[in-house]
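Residue numbers (full-length UniProt numbering), protein chains in the order written: chain A, 1 to 278; chain B, 1 to 302; chain C, 1 to 264.
Where a beta carbon is used, it is the ideal one built from N, C-alpha and C, also for glycine.
Below: the structure, in C-alpha cells.
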C-alpha cells in the first residue's frame with residue numbers, strides 16, 4: 001500500500017512509477033526503496049536466477065502469415081516481434097546501391113511495453129540509434145551482394161520490455177531473416193552481461209539494467225566463427241571485470257544460439273512434414 | 001481512409017460484378033461477416049488487453065492501462081478514456097516512418113468517437129478518485145499488426161474485449177485533519193475491480209459501397225474497390241452511437257439507409273457473440289482462480 | 001509549447017457579461033410549447049448569410065454566418081502539385097480547417113489539434129465527389145477554412161462544408177454539383193435543426209448529426225453522427241437533414257448568382 005497526499009505536487013507520477021516497479025517484481029512481495037539487493041548472499045538474483053543463468057527463452061517462427069518472414073521471441077518478460085520483407089525493390093531511389101542490398105531497420109516500441117506508459121515518437125533519437133545498431137549488425141552478416149539494387153526491411157516491434165530489448169530484437173531479427181530465406185553467413189546471437197559486486201551477471205532484467213551501479217553490456221556474436229558483430233557498453237567498468245562480463249555474455253550467446261537453432265530446425269521439420277503429408 | 005496497394009481495372013470490375021450478383025471472392029454473401037477470433041488477457045503488464053483477428057488478414061492488439069490523471073474541470077466527477085492507434089510497418093511498407101500518420105489519426109478518431117462521451121455506456125464516475133482532483137485515465141493503445149481490411153471493426157471488437165478484461169486498481173480515499181483529501185492505491189491485483197457496464201460499450205460495423213451495392217466486413221481488395229465506406233457504431237440496446245462516412249465517393253440516400261440498417265443488424269449479432277465469449281472467458285478465469293493457476297496468459301504468439 | 005508566438009494568459013476571466021437576450025448563466029429551456037430559444041420551431045434553421053468573393057487574394061472565397069456561427073473559407077488553385085508529392089493522374093484536394101484561437105469558449109492553440117485535422121479530412125471527403133478531379137491532373141486545390149466564431153461544433157463543420165463548396169464554385173473549379181451540409185442536434189428524443197452550442201451541451205446525452213449532400217443529384221457525400229440515438233430517430237433525422245440541404249442549396253445558388261451579377 002502506498003499513501004499519496006494530494007497537496008504534494010508530483011506525487012502522482014511517483015506513485016505511477018512505484019506501481020510500475022511493483023508490477024515488474026514477480027513473486028517479490030517487499031523490497032527496500034533506497035537500494036535493491038541485486039544479488040543476495042546465497043547468490044540469487046531478484047528474479048531467483050543464478051548469476052550465469054539465462055531467462056526462459058521461447059521463440060516462434062512465422063507467427064504472421066502475410067510477411068515474407070517473421071519471428072516472435074520471449075526472453076523472460078521481454079517480448080519482441082520481428083517482421084522481414086524482402087529482398088524487394090527499394091522504396092526511395094536514393095537508397096539504391098548498385099553492388100548490394102540496402103538493409104532498412106525500423107525499431108518500434110509499443111506504448112504499453114514498459115512499466116510506465118510512454119508514447120514515443122518515431123523520430124526518437126534513442127530508437128533511431130537502436131535501429132542503427134541492428135542495421136550495422138546485420139549489414140555484415142546478410143549476404144547483401146547477392147541482391148544488388150534491392151532492399152531488405154526489418155521491422156522490430158517491442159511489445160514488452162523487461163530489460164534486454166536490443167538483444168531480443170537482434171535474436172528475433174535473425175530468426176525472421178532465416179524465416180524469410182534471406183541468405184546469411186551465420187546466425188547472429190545477442191546477449192547482455194552485467195556486473196554486481198565484481199560478480200558477472202548474464203542476461204539482465206529491467207531492474208538490474210536500470211540500476212545505476214550495474215554496468216551493462218550487449219554483445220552479438222556469430223556463433224560458428226566466434227566473431228563479435230556488436231558490442232555496446234555505456235558505463236565504466238574495470239578491465240578485469242570487463243573480460244569476465246564479456247566471456248559470460250559470449251557464453252550466453254552460444255546458449256541462445258542453441259535455442260534459436262533448434263527452433264529453426266523444428267519449424268523446418270514441421271514444414272517438411274506438412275509437405276510430405278500432402 | 002488512405003488507400004494503399006494497387007488494384008487493377010480488371011480486378012475492380014470482377015469485384016464489382018460479383019457484388020452485383022451477390023457473390024464475393026471468398027464465397028461469402030454480401031452481408032456475411034467473418035467470425036472474429038478474439039483472445040483476452042495477453043499482455044501481462046497491462047490492466048486489460050485483447051487481440052482480434054479477422055479472416056487471415058487483419059490482426060490488431062489492444063492494451064488498456066489505468067493511469068492516474070488530473071480530473072477534467074468540465075467533468076470533475078468522472079474519469080476519461082484516451083485512445084491511440086498505431087499502424088505497424090509490419091502491416092504494410094507504406095506505414096514506415098511517418099507514412100501511417102494520417103491513417104493513425106483517422107483510426108484513433110473513429111475509435112474515440114465510439115468510446116468517449118455518453119455513447120461509450122461506461123460508468124465513468126467509477127474512475128473518479130477524488131472529485132475535481134484525481135481520476136483514472138484509461139489509456140487505450142492499439143497496434144495494427146496486419147492490415148487485411150475492415151480494421152475499424154476489428155479495433156472496436158478488440159477494444160471492447162480489452163475493456164471487459166480491464167481491472168481498475170482499488171483506491172481508498174480518506175480525509176486528513178487539514179481537509180486535504182488523501183488516497184491510497186491498492187497494489188494487490190486481486191482487489192482490482194472490473195469496469196461497470198462494459199456490456200453497454202458499442203461495436204462498429206463497416207459497410208463498403210462497391211459499384212451500386214454494398215458489402216459488410218470487406219477484405220483488403222474489396223476495400224480498394226470501394227468508393228465509400230460507412231462506419232456504424234451500435235450498442236446492445238440497438239442505439240446508433242456513432243456513424244461516419246469515409247472515402248471519396250457519394251452514397252444515394254436509399255442505399256445509405258440500407259447500409260445503416262444492415263450494419264445495425266450485423267452489430268447486434270456481433271454483440272451477442274462477444275458477450276457470450278466474454279462470459280465464457282470470465283467463468284474460465286474464475287475456475288483457474290479456484291484452482292490457484294496463473295490467470296494471465298503468458299504469451300501472445302507462442 | 002509554442003514559443004514562436006505570444007501566448008495567452010493561462011487563466012482568464014470573462015471581462016463583462018455577454019449582452020445577450022438571455023442573462024449570463026441562465027440558459028432558457030430548449031423546448032417551450034414547441035419553440036426553442038430565439039422563437040424557432042425544432043425543425044427551423046437559423047437565417048443564413050452567405051457571400052462569396054470576400055477574400056480578394058484567393059481564387060475563390062466564401063463567408064457564411066448562421067446565427068453566431070461564423071466561418072470564412074478561401075480556395076487557392078488549382079495549382080501545380082509539388083514535386084515531392086509525386087505524380088497523380090487525378091487532381092488532389094487539400095484542406096486546412098482551423099478554429100481561430102478566440103473562436104470557442106476555451107482558447108484554441110495555433111497548432112491544429114486532432115479534431116481540426118479530422119474535420120479537414122471530413123471536408124475533403126465531403127467535397128471530393130462533387131469535383132471533377134479527373135480534369136485536373138498533376139494539380140492540387142487548397143481550401144483554407146477559418147472558424148471565426150463557434151456556436152456549436154457540428155454547425156461549424158456543416159457551415160464549413162457549405163462555405164467551401166461555394167468558394168470552390170466561386171473559384172471556377174469544375175464541379176458536377178454543389179455540396180450543401182446541414183447539422184442537427186438530437187434533443188429530448190426529437191431532432192432539432194441547426195443547433196447552437198448551448199443546446200448542444202446542455203444534456204449529458206447530447207447527440208448530433210452532420211450530413212452533406214449534393215442536392216441536385218441527391219447523393220449523400222458525408223455523414224457524421226455522434227451520440228446514442230434510436231434507429232427510428234436517426235432515420236428521421238437523416239431525412240430532415242436532406243430537406244434542410246435543399247434549402248441551403250437555394251441560398252448557395254442565390255449568393256453565387258448575386259455575386260456574378262455584381263461582377264458583370
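Beta-carbon proximity of residue i to residue j, cut-off 8 Å
{"i": "residue 176 of chain A", "j": "residue 83 of chain A", "result": "yes"}
{"i": "residue 236 of chain C", "j": "residue 207 of chain C", "result": "no"}
{"i": "residue 265 of chain C", "j": "residue 101 of chain C", "result": "Residue numbering for chain C in the displayed model covers 1 to 264; residue 265 of chain C lies beyond these limits and cannot be assessed."}
{"i": "residue 95 of chain C", "j": "residue 124 of chain C", "result": "yes"}
{"i": "residue 7 of chain B", "j": "residue 219 of chain B", "result": "no"}
{"i": "residue 145 of chain C", "j": "residue 251 of chain C", "result": "no"}
{"i": "residue 231 of chain C", "j": "residue 240 of chain B", "result": "yes"}
{"i": "residue 22 of chain B", "j": "residue 163 of chain B", "result": "no"}
{"i": "residue 107 of chain A", "j": "residue 127 of chain A", "result": "yes"}
{"i": "residue 214 of chain C", "j": "residue 256 of chain C", "result": "no"}
{"i": "residue 202 of chain A", "j": "residue 172 of chain A", "result": "no"}
{"i": "residue 75 of chain C", "j": "residue 250 of chain B", "result": "no"}
{"i": "residue 271 of chain B", "j": "residue 209 of chain B", "result": "no"}
Below-8 Å beta-carbon distance, residue i vs any chain A residue
{"i": "residue 43 of chain B", "result": "yes"}
{"i": "residue 90 of chain B", "result": "yes"}
{"i": "residue 163 of chain B", "result": "no"}
{"i": "residue 46 of chain B", "result": "yes"}
Assigned secondary structure, residue i (DSSP; H/G/I helix, E/B strand, else coil)
{"i": "residue 142 of chain C", "result": "strand"}
{"i": "residue 212 of chain C", "result": "strand"}
{"i": "residue 82 of chain C", "result": "coil"}
{"i": "residue 126 of chain B", "result": "helix"}
{"i": "residue 250 of chain A", "result": "helix"}
{"i": "residue 141 of chain B", "result": "strand"}
{"i": "residue 233 of chain A", "result": "strand"}
{"i": "residue 213 of chain B", "result": "strand"}
{"i": "residue 17 of chain B", "result": "helix"}
{"i": "residue 99 of chain C", "result": "strand"}
{"i": "residue 194 of chain B", "result": "strand"}
{"i": "residue 277 of chain A", "result": "helix"}
Extent of the continuous beta strand (DSSP E) run through residue i
{"i": "residue 245 of chain C", "result": "Careful: residue 245 of chain C lies outside any beta strand (DSSP E), inside the alpha helix (DSSP H) at 231–263."}
{"i": "residue 65 of chain B", "result": "58–70"}
{"i": "residue 48 of chain B", "result": "48–54"}
CB-CB length for residue i against residue j, believed under 8 Å
{"i": "residue 158 of chain C", "j": "residue 210 of chain C", "result": "5 Å"}
{"i": "residue 91 of chain A", "j": "residue 151 of chain A", "result": "7 Å"}
{"i": "residue 262 of chain B", "j": "residue 216 of chain B", "result": "6 Å"}
{"i": "residue 230 of chain A", "j": "residue 219 of chain A", "result": "7 Å"}
{"i": "residue 164 of chain A", "j": "residue 234 of chain A", "result": "With 8 Å as the limit, residue 164 of chain A and residue 234 of chain A do not qualify as a contact, their Cβ atoms being about 15 Å apart."}
{"i": "residue 79 of chain B", "j": "residue 124 of chain B", "result": "5 Å"}
{"i": "residue 118 of chain C", "j": "residue 109 of chain B", "result": "5 Å"}
{"i": "residue 274 of chain B", "j": "residue 160 of chain B", "result": "6 Å"}
{"i": "residue 142 of chain B", "j": "residue 60 of chain B", "result": "6 Å"}
{"i": "residue 196 of chain A", "j": "residue 38 of chain A", "result": "5 Å"}
{"i": "residue 50 of chain B", "j": "residue 165 of chain B", "result": "6 Å"}
Boundaries of the alpha helix (DSSP H) in which residue i is found, first to last residue
{"i": "residue 291 of chain B", "result": "253–291"}
{"i": "residue 156 of chain C", "result": "153–170"}
{"i": "residue 189 of chain B", "result": "Unbroken run through residue 189 of chain B: none, as it is neither H nor E."}
Any C-beta of chain C under 8 Å from that of residue i
{"i": "residue 241 of chain B", "result": "yes"}
{"i": "residue 127 of chain B", "result": "no"}
{"i": "residue 133 of chain B", "result": "no"}
{"i": "residue 81 of chain B", "result": "no"}
{"i": "residue 209 of chain B", "result": "no"}
{"i": "residue 244 of chain B", "result": "yes"}
{"i": "residue 115 of chain B", "result": "no"}
CB contact below 8 Å: residue i versus chain B
{"i": "residue 83 of chain A", "result": "yes"}
{"i": "residue 222 of chain C", "result": "yes"}
{"i": "residue 27 of chain A", "result": "Note that residue 27 of chain A scores a pLDDT of 37, beneath 50, so its modelled location is shaky; the value from the coordinates is reported in the next line. Not one chain B Cβ lies under 8 Å of residue 27 of chain A."}
{"i": "residue 122 of chain A", "result": "yes"}
{"i": "residue 157 of chain A", "result": "yes"}
{"i": "residue 183 of chain C", "result": "no"}
{"i": "residue 234 of chain C", "result": "yes"}
{"i": "residue 110 of chain A", "result": "yes"}
Residue i at chain F interface by Cβ criterion, 8 Å
{"i": "residue 125 of chain A", "result": "Among the protein chains of the structure shown, namely A, B and C, there is no chain F."}
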